[in-house]
Amino acid sequence: MNNRTTGPFKVIISLRLLKEKFEGLLQSKNSTVQSQAKEALKIFDNHPVLEKGTDSIDDFLTNKPVIDQLMSLLFPPTLTENEIKAAVTPYSNDIFYCSSRLENIITNHKKSDNVFNDLYKDYEDSFDLLTYAIILNAYYKFNVDFERPKTLSITDENGEKKRYRVAFNADFLDIYPNENAIEITEDILDELLSNANTIDIWKKYFPKDSWTIEGFGIVNLIDTSLDERIDDFKTHLIQPNSESFDYLIHDIRRIFNIPDLQLGSYSVEHNKIISPFDRNFNMLTLVQDEDVSINEYACEHINCQLFRDAKPIIISNVETYHKQTKGNRLSQTLLDKGLKSAALIPVPINGELGFIIELAAFKTNQLNAINMVKLDSILPFILSYSKRTFSEHQNEISAIIQQECTAIHPSVQWRFEEEASKYIQERNYGEDPVFEEIVFKDVVPLFGQIDVVGSSNARNEAIIADLERQLEKSKELLRNRIKINLPFYEQLIFQIDKYLIELKQNFHTNSEQEINIFFEKQLFPLFEHFQTNSNNSKDVDEFLRTIDKTTSSLYDARKAYDITIEMGNNALSSFLDQQQLKAQDIFPHYFEKFKTDGIEHNLYIGQSITKHLNYHPTVLYNLRLWQLQVACEMEAMYYEKQKEFPLQLEVASLILAYDVPITIRYRIDEKQFDVDGAYNVRYEMIKKRIDKAHIKNTNERLTQPHKLSVVYSSNVMEKEYLAYFEFLQAKNYIGNAIEIVELEELQGASGIKAIRVDINRKLQKVSDIFTIEDLQNV
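Under numbering that gives the first Met the number 0, residue 777 is the last one in the sequence shown; the count climbs by one each step, no gaps.
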């Protein structure tokens, strides 16, 4: 007890209460118990110091042999290898006797100090309130709840940490007041409980050496390491991510006490085994990217029990299983990976088998029917985690599909969320919910496009070029093989010449199909015959290698055209997306774009589109100016990148300036917005026809390379856009010439006019978008 703070206690180590216990056992009807009690009391008679006690642990242990003899009656030798139990001095918890199992734990303890040193310690030089609780409850009979769980964490010399729950037996401890003890009243108790964490208050009413604690205590430890590991496992299941997944593997290895235990998984879908959707998992019983049906997975017994009955499978000895089944792909795969025991756990999702969790070890019998009982404690949590993860994965799939395929534009998402919330409320109240169509009234449309000029002609020229080369090369192959007795080749050459003339003079929509059929039915089979039956078919081999397998034809010129269109569209689309973000800052509006032989876009703006902001016509003017600016910049950007494209195709830009508000409705079946009502259809009709429109009384198309055309139908719009173009001239975005033309009469619309300007292909793009304020300042 030297150099130890004992707080309010004077400590006496004694076995007085143990002697009193044996005195009581003399009255037992059990002769064996009576005999043990008599033997113990003889020891006390011969060593009275044990009853009297001492405040020195060293003095107490001078009687160690007889103390051990008495303690053996409390620590039965038959249980000493199993129980984790110790007799300790009061207050300081110094061990003076312990079970063999605890002795082994202490021997392997990483630290050299007493494993119980910090057992009840809340403060550096004091113990916690438990000892005070004994005084208040045992002596004063106050019913104060001081209970708190006590645990010990002990790390062995190998760094393995184990957790123990502690139970303290105070049957052989006595606490009584000394002369300087303060009587604890109800008022003092209230003050103490109100200041439970203020040690000075407790010291005030429990002065040094004011109480005596006499006897010894018994500490029992229960190994709860497995419970703690299971709790850690549950915690890491709650937060699934790549980092917690590493923890999960570590947790499962600790639960099974197998440091190199392997964890894997695979999904089951329509009687097929597929890779897991979570890439954190490896597949242990399958090879990566292997395509296996459940019937081919293992032996019939395992296949039925695992996939049909959804029952776990344990293979404690893979080598034995391999011999018994005369080898199958399951056992062979495990052995190839050095795995000697395995367990397969089926996980049902919504009543159907979803996936299989795989556990495997590198030693025979490391996984077996006995230790797999541990799964009973964690399997419910694995199932819950699996269902949640699967549901989250499905939700994420839906979100990606919506984002990539049928995205709801952020500007109108609030309206869809309102309708969805209403739908859920009606469903939860037991009503028959209906997801109503989303309608936005009185919105002003802005349409624009940048399109390849003469795209149909360019594609036809590419088709003709490919077919002519293919025919000419075939003609050459046949000429090299003409013989007098094979006039059939001459007939084929004659047919090829007819097709070549047709391509030059009268190419039509069926020409490509007819020529492809000619090759498929007559020439390709003949060329394959040349390959099979000729020693010299290098020219045929070389020709057939040039044939595209997808189209079964020469595809060089068309491929160059397709790549040019794709590269141009990607560049234009990406540019427009970036500029659109700036336009949304002007005012939230609905935006959509489409890829054709160029890029089309629609904007709809109005009060109904936004939920919280107030719409003003100035917003519309700013967006119209933005649209003109972006149209010029897009075309200039296209020609800047054109040198990277296989073909040098030219583009033309077009804008429809429409000043009559319309209504748009979201078509749920088509997953897109469309104009609503017969009157509003006029806008769509004009939009679809102006691309091919001619200038009135001429054969000249409105859309021309390097020119931007704005189509309109009112003098107000003409005046507004002329002001925009004058501003763009000042910014060197367009040329000096501004022409106003009248268009031929379109079906459903008359009096349509257009302003057409030359775009500066080398304009210096500004960093910000233009605004009406900029226009007014010029």
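Where is the CB? At the ideal position from N, CA and C, for every residue including glycine. Bear in mind that the values here come from a model prediction, so they are computed numbers and not experimental data.
Going by C-alpha to C-alpha distance, which of the options sits closest to residue i?
i      : options                           : result
LEU742 : ALA729, LYS764, ASP690 and VAL715 : ASP690
GLY567 : ALA180, MET636 and ASP547         : MET636
ARG664 : ALA736, LEU522, SER551 and GLU436 : GLU436
ILE212 : VAL10, ASN327, VAL715 and GLY447  : VAL10
GLU634 : PRO645, LEU260 and LEU707         : LEU707
PRO311 : VAL346, ASN456 and THR550         : VAL346
GLN583 : ILE768, PHE95 and ASN256          : ILE768
ASP173 : SER152, PRO89, LYS202 and ASN107  : PRO89
TYR620 : ASP658, PRO379, SER264 and GLU643 : ASP658
LEU653 : ASP155, LEU571, ILE754 and TYR614 : ILE754
LEU648 : ILE495, ARG426 and ASP450         : ASP450
PHE793 : GLY263, VAL291 and ILE272         : There is no way to answer for residue 793, as the model of the chain reaches only from 0 to 777.
LYS233 : SER34, PHE380, LEU476 and ASP144  : PHE380
PHE8   : HIS108, ASN177, SER390 and GLU190 : ASN177
GLN671 : ILE248, HIS408 and ARG328         : HIS408
LEU329 : HIS249, GLU391, ASP561 and HIS300 : HIS300
GLY447 : LEU655, LYS537 and CYS97          : LEU655
Counting C-beta neighbours from all protein chains within 10 Å, is the total for residue i 16 or more, i.e. buried, or is it exposed?
i      : result
TYR122 : Confidence is the limiting factor: at TYR122 the pLDDT is only 42, short of 50, which leaves the residue's position unreliable, though a coordinate-based value still follows. Exposed, by the Cβ-count rule.
THR332 : buried
ASN270 : exposed
ARG228 : buried
ALA729 : exposed
ASN601 : buried
GLU357 : buried
VAL87  : buried
PRO444 : buried
ILE369 : exposed
VAL715 : exposed
HIS588 : buried
What's the gap between the Cα of residue i and the Cα of residue j?
i      : j      : result
SER209 : ASP186 : 19 Å
LEU701 : ASN479 : 52 Å
LEU774 : ARG414 : 35 Å
ASN696 : VAL740 : 11 Å
LYS149 : THR79  : 23 Å
SER91  : ILE104 : 20 Å
PHE505 : VAL267 : Looking at the sequence provided, one finds Asn at residue 505 rather than Phe. About 57 Å.
LYS581 : LYS386 : 42 Å
GLU565 : ARG544 : 25 Å
PHE439 : ALA419 : 17 Å
ASN2   : SER55  : Summary for ASN2: the model assigns pLDDT 42, below 50, so the residue's position carries little reliability, and this model does not support an answer.
GLU38  : LYS202 : 43 Å
ASN142 : ALA132 : 9 Å
ASP124 : PHE115 : Model confidence at ASP124 stands at a pLDDT of 43, short of 50, so the residue's coordinates are unreliable; what they give is reported in the following sentence. The alpha-carbon atoms of ASP124 and PHE115 are separated by roughly 15 Å.
ALA651 : LEU571 : 13 Å
PRO704 : MET282 : 58 Å
PHE126 : ILE198 : Its pLDDT being 46, under 50, PHE126 is placed unreliably by the model, and nothing is read from it.
ILE603 : LEU575 : One detail in the question is off: residue 603 reads as Tyr in this sequence, not Ile. Taking the straight line joining both Cα atoms gives about 16 Å.
CYS298 : ASP547 : 45 Å
HIS611 : SER410 : 11 Å
LEU16  : LEU151 : 28 Å
ILE500 : PHE526 : 23 Å
GLY353 : VAL291 : 16 Å
Would you mind stating whether residue i and residue j have Cβ atoms separated by less than 8 Å?
i      : j      : result
ILE737 : PHE726 : no
TYR638 : ILE661 : no
THR106 : TYR163 : no
SER510 : ILE495 : no
PHE586 : GLN579 : no
ILE733 : ILE771 : no
LEU14  : LEU49  : yes
LEU522 : ASP465 : no
GLY216 : PHE255 : no
LEU366 : ILE344 : no
For chain B, is any of its Cβ atoms less than 8 Å away from the one on residue i?
i      : result
SER292 : Checking the listed chains, one finds no chain B in this structure; it contains a single protein chain.
Per the DSSP calculation, residue i is bridged to which residue(s)?
i      : result
ASP170 : DSSP, once it has assigned bridges, lists no residue as partnering ASP170.
VAL710 : LEU655 and ALA753
GLN448 : GLU599 and LEU653
ILE153 : LYS161
GLY214 : ILE12 and LEU172
VAL346 : PHE354
THR53  : ILE12
TYR265 : ILE355
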